[in-house]
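Heads up: the sequence shown begins at 1 in the numbering used here, then just goes up one per residue.
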Amino acid sequence: MCQADSTQPSADIFWRPGQDVSRVRGTGADIHRPDVYAVVDAAVDKLSDELRELSLNIHGHPEIRYEERHAHDALASFMEKQGWAVKRHHLLETAWEARFTHGASGEGRTVGVNSEMDALPGVGHACGHNLIAVAGVAVACALRSAMEALDVPGTVVLLGTPAEESEYGKVVLLEKGAYKDMDVCLMCHPAPGPPLSASLASSLAITPMAVEYFGHTAHAGLAPWEGHNALDAAVSAYTSVSMLRQQIKPTHRVHGTLKGKDWAANVIPDYAWMKWLMRAPTRREVDVLVPRVRACLEAAANATDTKAKFDFGEAALYELRQNKALSDEFAHIFSSKYGSIDYEYGISGASTDFGNVTYALPSLHPGFAIPTKAGGTNHTPEFTKAAATPEAHQACMNVSKALGALGARVLMDAEFFEKVKRTFEEESRRSGA
1 MCQADSTQPS ADIFWRPGQD VSRVRGTGAD IHRPDVYAVV DAAVDKLSDE
51 LRELSLNIHG HPEIRYEERH AHDALASFME KQGWAVKRHH LLETAWEARF
101 THGASGEGRT VGVNSEMDAL PGVGHACGHN LIAVAGVAVA CALRSAMEAL
151 DVPGTVVLLG TPAEESEYGK VVLLEKGAYK DMDVCLMCHP APGPPLSASL
201 ASSLAITPMA VEYFGHTAHA GLAPWEGHNA LDAAVSAYTS VSMLRQQIKP
251 THRVHGTLKG KDWAANVIPD YAWMKWLMRA PTRREVDVLV PRVRACLEAA
301 ANATDTKAKF DFGEAALYEL RQNKALSDEF AHIFSSKYGS IDYEYGISGA
351 STDFGNVTYA LPSLHPGFAI PTKAGGTNHT PEFTKAAATP EAHQACMNVS
401 KALGALGARV LMDAEFFEKV KRTFEEESRR SGA
């Protein structure tokens, strides 16, 4: 989850470690094909202890973007031992694919599942990607069990996706064709939330923008008038954007940082670099926000007689577009078996590269609550600890079972799959995609 926003509700109103949640249960309502759910449930339970060990292994070896070599090898090896066809270093050095087909080649539908792996600098798995990694494995293996037990033709593709926190590995994999064979794609993400709950909130679209300011050095005491101060340009830009924040919508976000090189107090700085992130609930809103921020940065260059060079090289991310047919079925399964569904918490104030996937094919990305201490939202040391707790693992297995049952219906129920496709087409028309 890319740079979680501080507006996430305080964790102390939610599920704390040791809190009694014995009264939090599902509604017990009937779900589609209870026999299928029983197979999925048993398959996840059978692997749960091994998945817990795998999760802690990844948690204990945090690796940042495109350095997920330990996680890559651990997950690929696990799937190989389960008898899957595994492609290591698939399209990217630390990406991988595990594939299983039941029935004749090309028969049936293809369900894709994602496992994230990367950690954050300094705080390790403070976004719980160790849980996302094993959730992907659990969902994929549960689907295989259902296909074999009930003789359902089709294919499951589990994709190990690096660099979600920055550089946006899924966008690169999408461009390289990693998702082209999938009919739907599923994954999940931990976050603070009400006990034993899942969230079907969206996320924020985001556009990164970098700017370099180029000036001219001078002796800061002897002849400052000879200099063109790049640091002043950056400070002016930062101040202007801070003023702009008063005039943007409460749902919009702009945040950035700056750095330089070879700065000294007695030398007018001739170089400064800034990185800005602009977010809003939809891609269209971000597209309106970007030129307003850029105007502030350009004005700073004009005011300081420096030159500004912009870089939009990083991928822009779309908001999560939760497929309604998939989300409604997931909500029914989860609320029947485990607990509540909300449409507010989850990762609603953050951004993810899976948003781009949801614009490319029918997809679902529920959040699931894990217990955290006060102030322990995503991207904090408290969340790192929470992601290794037994309670977090059980929550991860619960949501994996619900996703497994959902994926099984996609494979087995042609009428339901047609509804998923129609919903995706309608959502695409509404969003202009």
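All residues carry an ideal CB built from backbone N, CA and C; glycine is no exception.
If you drop the 5 nearest sequence neighbours on each side, which residues of the same chain put their C-beta closer than 7 Å to that of residue i?
{"i": "T47", "result": "In the sequence as displayed, the identity of residue 47 is Leu instead of Thr. Around L47: A138, C141."}
{"i": "A280", "result": "L204, A205, T251, H252, V286, L289"}
{"i": "A218", "result": "P224, E226, G227, I268"}
{"i": "R16", "result": "P371, K373"}
{"i": "E80", "result": "V86"}
{"i": "A303", "result": "S236"}
{"i": "L51", "result": "V134, V137, A138"}
{"i": "A360", "result": "L174, Y179"}
{"i": "T282", "result": "A205, E319"}
{"i": "S340", "result": "P194, S197"}
Does the Cβ of residue i have 16 or more other Cβ atoms within 10 Å, making it buried, or fewer, making it exposed?
{"i": "P224", "result": "exposed"}
{"i": "T257", "result": "exposed"}
{"i": "Y318", "result": "buried"}
{"i": "N130", "result": "buried"}
{"i": "D270", "result": "buried"}
{"i": "E164", "result": "buried"}
{"i": "D305", "result": "exposed"}
{"i": "F424", "result": "buried"}
{"i": "S327", "result": "buried"}
{"i": "E175", "result": "exposed"}
{"i": "D73", "result": "exposed"}
{"i": "G112", "result": "buried"}
{"i": "L222", "result": "exposed"}
{"i": "G407", "result": "buried"}
{"i": "A474", "result": "It is not possible to answer for residue 474, since the shown part of the chain is limited to 1 through 433."}
{"i": "G108", "result": "buried"}
{"i": "Q8", "result": "Because Q8 sits at a pLDDT of 48, beneath the cut-off of 50, its placement in the model cannot be relied upon, and the following sentence gives the value as read from the coordinates. Flag for Q8 reads buried."}
{"i": "K249", "result": "exposed"}
{"i": "D49", "result": "exposed"}
Here's a check: name, in chain order, each residue in its chain whose Cβ is nearer than 6 Å to the Cβ of residue i, leaving out the five neighbours to either side.
{"i": "F416", "result": "R409"}
{"i": "A4", "result": "Its pLDDT being 44, under 50, A4 is placed unreliably by the model, and nothing is read from it."}
{"i": "A85", "result": "R99"}
{"i": "H216", "result": "G227, H228, D270"}
{"i": "K419", "result": "A325"}
{"i": "P381", "result": "V123"}
{"i": "T27", "result": "S335, S336"}
{"i": "N398", "result": "Y338"}
{"i": "W273", "result": "E212, K259"}
{"i": "V435", "result": "Only positions 1 to 433 of the chain appear in this structure, which leaves residue 435 out of reach."}
Could you give the DSSP three-state label for residue i: helix, strand or coil?
{"i": "G256", "result": "strand"}
{"i": "P190", "result": "strand"}
{"i": "E382", "result": "helix"}
{"i": "V123", "result": "coil"}
{"i": "N323", "result": "coil"}
{"i": "T101", "result": "strand"}
{"i": "A4", "result": "Below a pLDDT of 50, predicted positions are generally treated as unreliable, and A4, at 44, falls in that range; no measurement from the model is reported."}
{"i": "D342", "result": "strand"}
{"i": "Q19", "result": "coil"}
{"i": "P208", "result": "strand"}
{"i": "H332", "result": "helix"}
{"i": "L51", "result": "helix"}
{"i": "N266", "result": "coil"}
{"i": "A234", "result": "helix"}
{"i": "Y318", "result": "coil"}
{"i": "F417", "result": "helix"}
{"i": "Y271", "result": "strand"}
Could you spell out where the alpha helix (DSSP H) holding residue i opens and where it closes?
{"i": "C396", "result": "390-412"}
{"i": "A295", "result": "283-304"}
{"i": "D311", "result": "No alpha helix (DSSP H) holds D311; the beta strand (DSSP E) holding it covers 307-311."}
{"i": "A74", "result": "69-81"}
{"i": "K170", "result": "169-175"}
{"i": "S145", "result": "129-150"}
Who are the near neighbours of residue i in its chain, counting only those whose CB is closer than 8 Å to its CB and skipping five residues on each side?
{"i": "L173", "result": "L91, L92, A95, L159, T161, Y179"}
{"i": "E298", "result": "A308"}
{"i": "E148", "result": "H102"}
Would you give the residue range spanned by the beta strand (DSSP E) that residue i belongs to?
{"i": "K87", "result": "85-87"}
{"i": "A218", "result": "Per DSSP, A218 belongs to no beta strand (DSSP E) and is neither H nor E."}
{"i": "G355", "result": "Not the beta strand (DSSP E): G355 falls in the alpha helix (DSSP H), residues 354-360."}
{"i": "T155", "result": "154-161"}
{"i": "G112", "result": "109-116"}
{"i": "F368", "result": "367-369"}
Inset, instruction - Count the CB pairs spanning the segment 96-107 and the segment 358-370 that are closer than 8 Å, and state whether there are at least three. - result: The answer is no - the segment 358-370 does not touch the segment 96-107, with fewer than three Cβ pairs under 8 Å.
Inset, instruction - Decide if the segment 34-51 is in contact with the segment 122-129; the criterion is three or more beta carbon pairs, one per stretch, under 8 Å apart. - result: No, the segment 34-51 does not touch the segment 122-129.
Legend entry - At least 3 beta-carbon pairs within less than 8 Å: the segment 125-135 vs the segment 202-222: Output reads no: the segment 202-222 does not touch the segment 125-135.
Legend entry - Stretch pair the segment 304-323 + the segment 144-157: three plus CB contacts closer than 8 Å: The segment 304-323 makes no contact with the segment 144-157: fewer than 3 CB pairs, one atom from each, lie closer than 8 Å.
Inset, instruction - Answer yes if the segment 79-91 comes into contact with the segment 333-353, meaning at least three C-beta pairs across the two stretches below 8 Å, and no otherwise. - result: No: fewer than three Cβ pairs fall under 8 Å.
Inset, instruction - Spell out a yes or no on whether the segment 185-198 and the segment 238-249 are touching, meaning 3 or more CB-CB pairs, one atom from each, closer than 8 Å. - result: Fewer than three pairs of CB atoms, one per stretch, sit closer than 8 Å, so the segment 185-198 makes no contact with the segment 238-249.
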